[in-house]
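The structure appears right after this line, and notes come after that.
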Amino acid sequence: MMRVAPEKGNPMKNSLAIVTGTSRGVGQALVENLTEKGWSVVGAARGPSPCEHPGYRHYQVDLADPQALTRWARQELAPIVKQEGVGRVGLVNNAALIGALAWLRESEADFLKTLFAVNVAAPIYLMGWLVRNAPAGADLRIVNISSGAAHSPLPGLGDYSATKAALRLAGRTLAAELELEGRRPAQAAVFSYEPGLVDTHMQDVAREASPDLFPAHATFMKFAREDLLCAPRDVVVPIVEFLMGEPAAAFTESRFC
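The numbering used here numbers the first residue of the sequence shown as 521 and each following residue consecutively.
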């Protein structure tokens with residue numbers, strides 16, 4: 521079983537982060553940043569991860585499959601999270617599907633089911649699972665990767681926008697419930713974070729989409745052409761600061777670029 525290592529500079533607290541979508545992009549950059557700081561990290565993605573570090577354990581999990589997700593949490597995550605001495609546990613719900621990149625009127629039921637399973641159902645389940653299973657007294661930090669699309673309509677991203685809006689409100693609700701239970705922000709807090717325009721696979725997919733089917737295609741081409749995309753290693757900094765910090769509120773949100 522993976523052993524959770526002491527946090528650098530704070531031997532009294534063993535820090536563990538659970539991160540989804542760690543095979544590339546923001547998830548990969550976050551693993552690299554946290555392990556460099558002495559955190560133990562458990563990652564999940566459909567494919568393998570390029571991250572190699574003694575403090576990192578990778579699992580290939582299909583988050584669209586509720587049975588696989590539940591089995592992973594119960595059989596693999598639980599023994600790691602419940603180790604004696606774990607003082608801080610972070611969850612970063614980063615994995616997401618981009619959506620159909622088409623007019624909303626063209627939506628297909630099967631694809632919507634998969635999209636909402638990965639982008640909404642899995643993160644909500646993991647948030648609840650962590651609150652139920654984290655060691656008593658452990659500080660909890662939950663990060664939901666959001667998007668400007670959660671607030672503003674962008675033609676062709678209606679399905680994706682709906683999932684991000686749903687996750688944002690779910691995070692706010694969880695924070696309100698934690699407050700209702702009497703937990704102080706230092707004990708448990710939720711962060712809805714918009715990394716903004718990031719140079720990731722999602723941007724590649726959007727630019728490769730058919731201009732005839734994806735109304736916002738020209739917008740994404742402009743992002744790349746005008747060099748507006750941020751590097752993943754830069755946008756993960758606020759996430760790490762939240763995981764390691766002492767929030768003043770149960771729910772906070774911000775945007776990077």
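Every residue gets a Cβ at the ideal spot worked out from N, C-alpha and C, and that includes glycine.
Next on the checklist: Check for me: the beta strand (DSSP E) holding residue 546 runs from which residue to which?
Outcome noted: In the sequence shown, residue 546 corresponds to position 26, counting from 1. Premise fails: residue 546 lies in the alpha helix (DSSP H), 545-556, not in any beta strand (DSSP E).
Item to check | Straight-line gap, residue 629 to residue 644 (C-alpha atoms, nearest Å) | outcome: What you label residue 629 is simply residue 109 of the sequence shown in a count that begins at 1. What you label residue 644 is simply residue 124 of the sequence shown in a count that begins at 1. Answer to the nearest angstrom: the Cα atoms are 21 Å apart.
Checklist entry - Considering only the beta carbon of each residue, do residue 679 and residue 620 sit closer than 7 Å? => result Here residue 679 refers to the residue found at position 159 when the sequence shown is read from its first residue. Here residue 620 refers to the residue found at position 100 when the sequence shown is read from its first residue. A contact, by the Cβ cut-off of 7 Å.
Next on the checklist: For a test of the three-state rule: what should DSSP assign to residue 539, helix, strand or coil?
Outcome noted: Here residue 539 refers to the residue found at position 19 of the sequence shown. Three-state DSSP puts residue 539 in a strand.
Next on the checklist: Considering only heavy atoms of the ligand GDP, does any lie closer than 6 Å to the CB of residue 544?
Outcome noted: With respect to the ligand GDP, the structure shown offers nothing to examine, as it has no ligands at all.
Checklist entry - Between residue 638 and the rest of its own chain, which residues show a CB-CB distance below 7 Å, the 5 nearest in sequence each way excluded? => result As a first step, residue 638 must be located in the sequence shown, where it is residue number 118. For residue 638, where only same-chain residues beyond five positions count, the Cβ hits under 7 Å are 583, 584, 615, 616 and 617.
Item to check | Where residue 659 sits in the DSSP three-state scheme | outcome: Working through the sequence shown from its first residue, we reach residue 659 at position 139. Looking at residue 659 - three-state DSSP - the assignment turns out to be strand.
Checklist entry - Can the beta-carbon of residue 713 be found closer than 7 Å to that of residue 662? => result Walking along the sequence shown from the start, residue 713 turns up at place 193. Walking along the sequence shown from the start, residue 662 turns up at place 142. No.
Item to check | Option in 735, 535, 689 and 697 with minimal Cα separation from residue 607 | outcome: Locating residue 607 in the sequence shown gives position 87, counting from the first residue. When each option's Cα is compared against that of residue 607, the closest is 535.
Item to check | Every unbroken alpha helix (DSSP H) inside the region 593-654 [4 residues or more] | outcome: Counting whole runs of 4 or more residues, the region 593-654 contains the alpha helix (DSSP H) stretches 598-601, 629-636 and 642-653.
Next on the checklist: Rounding to the nearest angstrom, what Cα-Cα distance links residue 601 and residue 571 in this structure?
Outcome noted: Translated into positions along the sequence shown, residue 601 becomes position 81. Translated into positions along the sequence shown, residue 571 becomes position 51. C-alpha separation (whole angstroms): 21 Å.
Item to check | Alpha carbon of residue 769 to alpha carbon of residue 732, nearest angstrom | outcome: Within the sequence shown, the letter at position 249 stands for residue 769. Within the sequence shown, the letter at position 212 stands for residue 732. If you draw a straight line from the Cα of residue 769 to the Cα of residue 732, it is about 45 Å long.
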